[in-house]
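Written below as structure tokens is the structure these notes are about.
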Amino acid sequence: MKYLILFLLVTKIFSQEVDPNDLINAISEEFNKVEDYQVDATITVDVNFLKVPETKATIYFKQPDLVKMDSEGFALLPKEGLNFSPTKLLQNEFTAIYVKPEILDGANCEVIKVIPLADTAGVILSTLWIDPDLKVIRKIETTTKKAGTFEVDLFYNGDKYKNLPSEVKFIFNVENFKMPRSMTGEFDKPKDENKEDSITGEVIVKYDNYILNQGFEDSFFEEENPETQKGEN
Amino acid sequence: MINLISIELFKIFRKLRTYIGFIALAVLIPVIQIALYFEGDGYLDFATRNIKQSFVIVGDLMNGYLIANIVLQMLFVHIPFLIVLVGGDLLAGEATSGTYRMLITRPISRFKLVTSKFFSGLIYTNLLLVWMMILSLGVSILIFGTGELIVLKDKIYIFAKDDVLWRFILSYGFAALSMSTVLALSFLFSAFVENAIGPIVATMAVIIIFLIISALQVDILQPIKPYLFVNHMAVWREFMSDPIDYAKVINSGLILVAHIVGFYLITLYSFIKKDILS
Amino acid sequence: MDNGKVIEVKGLTKKYKEVTAVNNLDLNVYKGDVFGFLGPNGAGKSTTIRMLLSLITPTSGSVKLFGQDLIKHRLEILKRIGGIVEKPDFYLYLPAIKNLEILGKLSGADVSKKNLMEMLELVGLDKRANSKVKTFSHGMKQRLGLAQALLHDPELIILDEPTTGLDPQGIKEIRDLIIHLSEDKNKTIFLSSHILKEVQVIANRMIIINKGTTQIEGSVEDLLNSDTLSVTVEVNDLQNAANTIENSQWKKFLKEKNKTTLIFEIQDDDIPVLNKFLVENNVEVKSLVPVRSLENFFLKITEGGAE
Chain S
1111 MKYLILFLLV TKIFSQEVDP NDLINAISEE FNKVEDYQVD ATITVDVNFL KVPETKATIY
1171 FKQPDLVKMD SEGFALLPKE GLNFSPTKLL QNEFTAIYVK PEILDGANCE VIKVIPLADT
1231 AGVILSTLWI DPDLKVIRKI ETTTKKAGTF EVDLFYNGDK YKNLPSEVKF IFNVENFKMP
1291 RSMTGEFDKP KDENKEDSIT GEVIVKYDNY ILNQGFEDSF FEEENPETQK GEN
Chain H
117 MINLISIELF KIFRKLRTYI GFIALAVLIP VIQIALYFEG DGYLDFATRN IKQSFVIVGD
177 LMNGYLIANI VLQMLFVHIP FLIVLVGGDL LAGEATSGTY RMLITRPISR FKLVTSKFFS
237 GLIYTNLLLV WMMILSLGVS ILIFGTGELI VLKDKIYIFA KDDVLWRFIL SYGFAALSMS
297 TVLALSFLFS AFVENAIGPI VATMAVIIIF LIISALQVDI LQPIKPYLFV NHMAVWREFM
357 SDPIDYAKVI NSGLILVAHI VGFYLITLYS FIKKDILS
Chain F
6 MDNGKVIEVK GLTKKYKEVT AVNNLDLNVY KGDVFGFLGP NGAGKSTTIR MLLSLITPTS
66 GSVKLFGQDL IKHRLEILKR IGGIVEKPDF YLYLPAIKNL EILGKLSGAD VSKKNLMEML
126 ELVGLDKRAN SKVKTFSHGM KQRLGLAQAL LHDPELIILD EPTTGLDPQG IKEIRDLIIH
186 LSEDKNKTIF LSSHILKEVQ VIANRMIIIN KGTTQIEGSV EDLLNSDTLS VTVEVNDLQN
246 AANTIENSQW KKFLKEKNKT TLIFEIQDDD IPVLNKFLVE NNVEVKSLVP VRSLENFFLK
306 ITEGGAE
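Residue numbers (the numbering used here), protein chains in the order written: chain S, 1111 to 1343; chain H, 117 to 394; chain F, 6 to 312.
Here it is as structure tokens:
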């Protein structure tokens, strides 16, 4: 019995060794050092029903959650990729639970689970892999009410941009694409009856040429592309 | 032979019916362009609805390429009507007007006569497609500019701006082959009758019946589908895919070429044997 | 062409399923002939002409033109022939001169504007050179048909009923033109017609066909001279006339006896003699109508052919 109490105690002490809130705050603090940024994004989409060439876009961000995407031509980005920032993720009230340490791609990480208290985000649960040394998030797994689970892997090229990712990989569920043959006119092809309703997609965004703290006005983000606004609806 | 072809072309282009095709396209294509100018956003909304559920999109996919592709898609079914109008008349027209007698009593072999008419028909067909390309692609680009091309098929394809033009050129090239097959068929029918209406109706009937058969999802019809040439006519769409199934394109292309040559040879054989009674 | 035969047809036959349009036809046309090809409608004239011009293939028999086999030497032969088959048809949507240009090019003729205009002038269409053929009357098309047949200066001209549908003036013009071509230009002319008179006027040799076979062939002069006449004599008193004839040398020439007429078959020279005999024997002659038996014969088959 003594041993048992001791064990529980020890577990408790060790588990409390890391405070998830501290970790999150540290990251937010670090991220908040960046007032705004502009970055060139190269987007590669790998979704079964979607054949898109590699596209380039420029993304602008200003604290806390102003964001804008610009492109000479056509570009598309997962919704989660555009308005993703630790600040936004954590701006609502939440409960954080520390789970365990884990080595991710050779980096020491702390795994914590974040449960939003408010119902607004549609997020049921997020799991974060936080690198306490760099003070960055390396991986997020989010379970949402509607879109199922999506995963975000973040890669850093520490020397260059410190805590801003150089590459982000989004893995998510999308509703499958079914087109009536009367629309495509491809009567020669057999009907694809056994298409799944939902499939996994992957988008890799490479970020380059960050320009930090240029002091964007808020109004800069207002003149958004109407397409983008529609897209966010 | 070139002399003969130029005479045939001269005759073709002095006939009103020849211009029906050109005029029809000159009317239809701007109508589609204007309609898409106003309604195109709706089409794009529909096309990208699926993507927008998961993605944020910037940039406008409304451009000349999109319109050119929709025009080609829409008119591809109708172009045969314009082709057979001339193709069905090539031989039957001479019978109707009685000019067969004038022609065939000239010191020209029937082989040359048929061949020059056939080539003239092919030239007409290809000129009509060039005209269509100028109107649908050229004019659309002038009005709406270029950009990425979105294509809805079994998948959604979005092609980079500089990855589109060659696809159109090959598409039109293949469409020319398809339409040449239509011409060859109407030419064949044209050799057997003395009135152009017959071959025009017969060719369209064959195309429509074949299209219906190939659209029907009936098991007993499946084995014959690969033998219906209309099935191979729409393979130009393959160029609006990634990756392009070149084996399929080549296979269908060869089948169409075989049809064209076959139709021509049957026409030639029957025409050389034919007693001119008109 | 050592034997001078421009057209040599032997055993020519054309069958369409059950119908035999031309049956074992023989026919020779010599250089310089104006050859009349006579027959009622449906006798096989057009079918024969179509075979001569390679429009249709004979079921059997041979056609030699200029001494060469038509099937083997078709193109060489066609270069030397000009013709109209049935009615002259043109590209109605093109002007007369353009029609000539196209057809001339195909024949390898001189299609310079000068030559084309000369041709049109020859047939009296020079003023309508640039009118579309659809505005032409039948007679004008017929004349344009002649122009296209003459364009490449052929040795043999085949004309299929060239005067059909023309007014008397038009018929005369065409006849004069044919005579001009024959006499001044030394062309051989093959002329089909269903009118004996027309052939008599311009042809030197002729053939009459019916139901696809030859009925009579020869020189027009011989056929007409050796011909007996069928003379119909109308009298007031037939009994008296009959009795008079019965007791004379004319008895053997009497072929038929009707209510008021007697029909004799006699030679040309005998007509005045017969007339004199009847008058001297108090037979009142109301009329005396000589009809050539060739004509009679032709009339019969024409009527037969029209059935």
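Cβ coordinates follow ideal geometry from the N, Cα and C atoms, glycine included.
Identity of the residues DSSP links to Trp1239/S by a beta bridge: In the first sequence, residue 1239/S corresponds to position 129, counting from 1. The partner list for Trp1239/S (beta bridge, DSSP) reads Val1221/S and Lys1249/S.
Label Ser67/F either buried or exposed according to how many other C-beta atoms from any shown protein chain fall within 10 Å of its C-beta, with 16 as the threshold for buried. Within the third sequence, numbered from 1, the residue matching residue 67/F stands at position 62. Burial is judged here by how many other beta carbons sit within 10 angstroms of a residue's own beta carbon; Ser67/F has fewer than 16 and is exposed.
Any idea if Arg283/H is buried or exposed, counting beta-carbon neighbours within 10 angstroms, 16 or more meaning buried? Translated into the one-based positions of the second sequence, residue 283/H becomes position 167. By the Cβ-count criterion, Arg283/H is buried, with 16 or more other Cβ atoms from all chains shown falling within 10 Å of its own Cβ.
Rounded C-beta distance between Thr233/F and Glu270/F? I'm assuming under 8 Å. In the third sequence, residue 233/F corresponds to position 228, counting from 1. In the third sequence, residue 270/F corresponds to position 265, counting from 1. Yes, Thr233/F and Glu270/F are in contact; Cβ-Cβ is about 5 Å, under 8 Å.
Could you check whether the Cβ of Phe95/F sits closer than 8 Å to any Cβ belonging to chain B? In the structure shown, chain B cannot be found, because the protein chains are S, H and F.
Using only the alpha-carbon positions, how far apart do Gly101/F and Val138/F sit? Residue 101/F sits at position 96 when you count from the first residue of the third sequence. Residue 138/F sits at position 133 when you count from the first residue of the third sequence. Per the sequence shown, the amino acid found at residue 101/F is Ala instead of Gly. Cα-Cα distance, rounded: 6 Å.
Using DSSP with H/G/I as helix, E/B as strand and the rest coil, what is Met117/H? Indexing the second sequence from 1 puts residue 117/H at position 1. Three-state result, Met117/H: coil.
For Ile1153/S, does the count of other Cβ atoms within 10 angstroms reach 16, so buried, or fall short, so exposed? The residue given as residue 1153/S occupies position 43 in the first sequence. Its Cβ being crowded by 16 or more others within 10 Å, Ile1153/S is buried.
Report the rounded CA-to-CA distance for Thr1338/S versus Gly1311/S, giving the unit in angstroms. Counting from 1 along the first sequence, the entry for residue 1338/S is found at position 228. Counting from 1 along the first sequence, the entry for residue 1311/S is found at position 201. Only weak support is given to the placement of Thr1338/S: the predicted model assigns it a pLDDT of 42, under 50, and the question is left unresolved by the model.
Leu30/F by DSSP, collapsed to three states: which one? Here residue 30/F refers to the residue found at position 25 when the third sequence is read from its first residue. Leu30/F falls in the strand class under three-state DSSP.
Quick check on the DSSP output: the alpha helix (DSSP H) that includes Gly289/H runs from which residue to which? In the second sequence, the residue the question calls residue 289/H occupies position 173. Following the DSSP letters along the chain, one finds Gly289/H inside the alpha helix (DSSP H) bounded by residues Leu281 to Ser306.
When you compare only the Cα positions, how much space is there between Glu1342/S and Asp157/H? Counting from 1 along the first sequence, the entry for residue 1342/S is found at position 232. Counting from 1 along the second sequence, the entry for residue 157/H is found at position 41. With a pLDDT of 36 at Glu1342/S, under the threshold of 50, the predicted position of this residue should be treated as unreliable, and no value is reported.
Are the C-beta of Asp1180/S and some C-beta of chain H separated by less than 8 Å? In the first sequence, residue 1180/S corresponds to position 70, counting from 1. Answer yes: the Cβ-Cβ gap between Asp1180/S and chain H drops below 8 Å somewhere.
Tell me the DSSP bridge mates of Glu155/H? Here residue 155/H corresponds to residue number 39 of the second sequence, with the count starting at 1. None, per the DSSP bridge assignment.
Backbone secondary structure at Pro167/F - three-state DSSP: Here residue 167/F corresponds to residue number 162 of the third sequence, with the count starting at 1. Three-state DSSP puts Pro167/F in coil, outside helix and strand.
Taking all protein chains shown into account, do 16 or more other C-beta atoms lie within 10 angstroms of the C-beta of Pro277/F, making it buried, or fewer, making it exposed? For the purposes of this step, residue 277/F is taken as residue 272 along the third sequence, with counting starting at 1. By the Cβ neighbour-count rule, Pro277/F is exposed, with fewer than 16 other Cβ atoms within 10 Å of its own.
Comparing alpha-carbon positions, which option in Ile257/H, Leu265/H and Gly369/H lies nearest Leu160/H? Here residue 160/H is taken as the residue at index 44 of the second sequence, counted from 1. Comparing C-alpha distances from Leu160/H to each of Ile257/H, Leu265/H and Gly369/H shows the shortest one belongs to Leu265/H.
Quick one: using the 10 Å Cβ neighbour count with 16 as the cut-off for buried, is Thr319/H buried or exposed? In the second sequence, counting from the first residue as 1, residue 319/H sits at position 203. Result: buried.
Between the CA atoms of Asn1319/S and Arg1248/S - distance to the nearest angstrom: For the purposes of this step, residue 1248/S is taken as the residue at position 138 of the first sequence. For the purposes of this step, residue 1319/S is taken as the residue at position 209 of the first sequence. For Arg1248/S and Asn1319/S, the distance between alpha carbons rounds to 20 Å.
Do you know offhand how far Asn1335/S's Cα is from Gln1148/S's? As a first step, residue 1335/S must be located in the first sequence, where it is residue number 225. As a first step, residue 1148/S must be located in the first sequence, where it is residue number 38. Only weak support is given to the placement of Asn1335/S: the predicted model assigns it a pLDDT of 46, under 50, and the question is left unresolved by the model.
List the residues of chain H that Ile61/F touches, going by C-beta distances under 9 Å, in chain order. Sequence index remark: in the third sequence, residue 61/F carries index 56 (1-based). Here the neighbours are Lys390, Asp391, Ile392 and Leu393.
Can you say whether Gln244/F is buried or exposed, counting buried as having 16 or more other CB atoms within 10 angstroms of its CB? Indexing the third sequence from 1 puts residue 244/F at position 239. Gln244/F comes out exposed.
According to DSSP, is Gly47/F part of a helix, a strand, or is it coil? Counted from its first residue, the third sequence places residue 47/F at position 42. In the structure shown, Gly47/F sits in coil (DSSP, three-state: anything other than H, G, I, E or B).
8 Å is my cut-off, CB to CB: does Gly310/F come that close to chain H? Translated into the one-based positions of the third sequence, residue 310/F becomes position 305. For Gly310/F, the predicted model reports a pLDDT of 45, less than 50, meaning its position is unreliable; a value from the coordinates is still stated below. Chain H contact via Cβ: absent.
What would DSSP say about Asp1263/S, mapped onto helix, strand or coil? Taking the first sequence and counting its residues from 1, one reaches residue 1263/S at position 153. Reduced to three states, the DSSP call for Asp1263/S is strand.
Go to Lys19/F, then tell me how far its alpha helix (DSSP H) extends in each direction, as first and last residue. On the third sequence, residue 19/F is found 14 positions in, with the first residue counted as 1. Per DSSP, Lys19/F belongs to no alpha helix (DSSP H); it is in the beta strand (DSSP E), Lys10 to Tyr21.
Buried versus exposed, by CB contacts within 10 Å (16 or more), Glu226/F: Here residue 226/F refers to the residue found at position 221 when the third sequence is read from its first residue. Result: exposed.
Check whether the region 315-332 of chain H touches the region 345-365 of chain H, taking contact to mean three or more Cβ pairs, one atom from each stretch, closer than 8 Å. In this structure the region 315-332 of chain H touches the region 345-365 of chain H; the number of beta carbon pairs closer than 8 Å is three or more.
Between Ile220/H and chain F, is there a C-beta pair that is closer than 8 Å? The residue given as residue 220/H occupies position 104 in the second sequence. Yes, Ile220/H lies at the interface with chain F (some Cβ there is under 8 Å from its Cβ).
Beta-carbon proximity list for Met6/F, same chain, < 6 Å, skipping 5 on both sides: Position 1 of the third sequence, counting from 1, holds the residue named residue 6/F. With a pLDDT of 45 at Met6/F, under the threshold of 50, the predicted position of this residue should be treated as unreliable, though the coordinate-derived value follows. Counting only residues of its own chain and dropping the five nearest sequence neighbours on each side, Met6/F has a CB closer than 6 Å to the CB of Phe71 and Gly72.
Buried or exposed, going by whether 16 or more other CB atoms sit within 10 Å of the CB of Ser1/F? The displayed coordinates of chain F run from 6 to 312. Any statement about residue 1/F would go beyond what the structure contains.
Cβ-based neighbour list, Thr1205/S, same chain, cut-off 7 Å, excluding 5 preceding and 5 following: If you number the first sequence from 1, residue 1205/S lands on position 95. Ile1225 and Leu1227, listed in sequence order.
Length of the line joining the Cα atoms of Ser197/F and Leu244/H: Within the third sequence, the letter at position 192 stands for residue 197/F. Within the second sequence, the letter at position 128 stands for residue 244/H. Spanning the two alpha carbons is a distance of roughly 46 Å.
Classification of Ser386/H by the beta-carbon crowding that lies within 10 angstroms, buried from 16 upward: For the purposes of this step, residue 386/H is taken as residue 270 along the second sequence, with counting starting at 1. So Ser386/H counts as exposed.
Buried versus exposed, by CB contacts within 10 Å (16 or more), Met117/H: For the purposes of this step, residue 117/H is taken as the residue at position 1 of the second sequence. Label assigned to Met117/H: exposed.
Compare the C-beta of Val1162/S with all C-beta atoms of chain H and state if any pair is closer than 8 Å. Position 52 of the first sequence, counted from the first residue, corresponds to residue 1162/S. Yes - at least one Cβ of chain H is within 8 Å of the one on Val1162/S.
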